[in-house]
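Numbering (our numbering), first residue to last: 1 to 121.
One structure below.
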Amino acid sequence: INDGYSSLSSILKLVHDRQIRVLPLTEAEIMERYSLPQSFGAGELDSLIICKHRELSLVTNDKKVAKFCETEGVRYITLNALLRMLWRNSILSKKEIKDLIGEIQKKDRVTILKPGEVFIE
Numbered sequence: 001i002n003d004g005y006s007s008l009s010s011i012l013k014l015v016h017d018r019q020i021r022v023l024p025l026t027e028a029e030i031m032e033r034y035s036l037p038q039s040f041g042a043g044e045l046d047s048l049i050i051c052k053h054r055e056l057s058l059v060t061n062d063k064k065v066a067k068f069c070e071t072e073g074v075r076y077i078t079l080n081a082l083l084r085m086l087w088r089n090s091i092l093s094k095k096e097i098k099d100l101i102g103e104i105q106k107k108d109r110v111t112i113l114k115p116g117e118v119f120i121e
C-alpha cells in the first residue's frame, strides 16, 4: 500500500478477517533458504520453500524460478496463466487485468512477457 498499491487494502482486509492466512516460515524452512539459489529474491525464496514443503502452488513470472520448480517438483503457475484464469472465469474484467498488468509493470519494474496471450480466446 505504501508503494502505491491501493488494491492491496482489500487483501489486508481479508487477512484481518482471517479469510487469507499469512504463512510464516518455520525454523527449518528458514535454514533451507541458504541452500537455494541466492540469485532469487527474498520473496521468491520464501515462497518456494513454503510451496515445496506445504504442497502449495507458486505463482511466478520468472523463467529461472519456473525451471527450478520443474527440477525440484514444486507446483507452479505462470503469472500470465493466472491472469488468464482470472479473466476467463470472470473474476476480473479485461480492463481490470490490463490495469493490473500496467500496475505490475510500472510499480514492480517487472516486464510481463506476451501480455496479449492472457486474452487469447
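Glycine included, each C-beta is placed from N, C-alpha and C at the ideal position.
C-alpha distance - residue i paired with residue j, whole-angstrom precision
i: T26; j: R54; result: 11 Å
i: G116; j: S39; result: 29 Å
i: C69; j: L48; result: 8 Å
i: G73; j: K98; result: 31 Å
i: L100; j: D46; result: 24 Å
i: S35; j: A28; result: 12 Å
i: V15; j: E121; result: 34 Å
i: L23; j: S10; result: 18 Å
i: E32; j: K114; result: 33 Å
i: L58; j: E96; result: 22 Å
i: R18; j: N89; result: 24 Å
i: I91; j: G41; result: 29 Å
Under 9 Å between C-beta atoms of residue i and residue j
i: F119; j: R75; result: no
i: P37; j: K64; result: yes
Close beta carbons around residue i, own chain, < 7 Å, minus the five adjacent residues each side
i: A66; result: T60, Y76, T78
i: K52; result: E72, V74
i: Q105; result: T111, I112
Other residues of its chain near residue i: CB distance less than 8 Å, five sequence neighbours each side excluded
i: I50; result: L23, L25, E29, L56
i: I20; result: I11, L14
i: R93; result: The residue you asked about is not Arg; residue 93 is Ser in the sequence shown. The answer, listed in chain order, is W87.
Other residues of its chain near residue i: CB distance less than 6 Å, five sequence neighbours each side excluded
i: E44; result: V65
Residue(s) in a DSSP beta bridge with residue i
i: V65; result: DSSP lists no partner for V65.
i: V59; result: I77
Touch check for the stretch 67-80 and the stretch 105-115: three-plus C-beta pairs under 8 Å?
With contact defined as three or more Cβ pairs closer than 8 Å, the stretch 67-80 and the stretch 105-115 are in contact.
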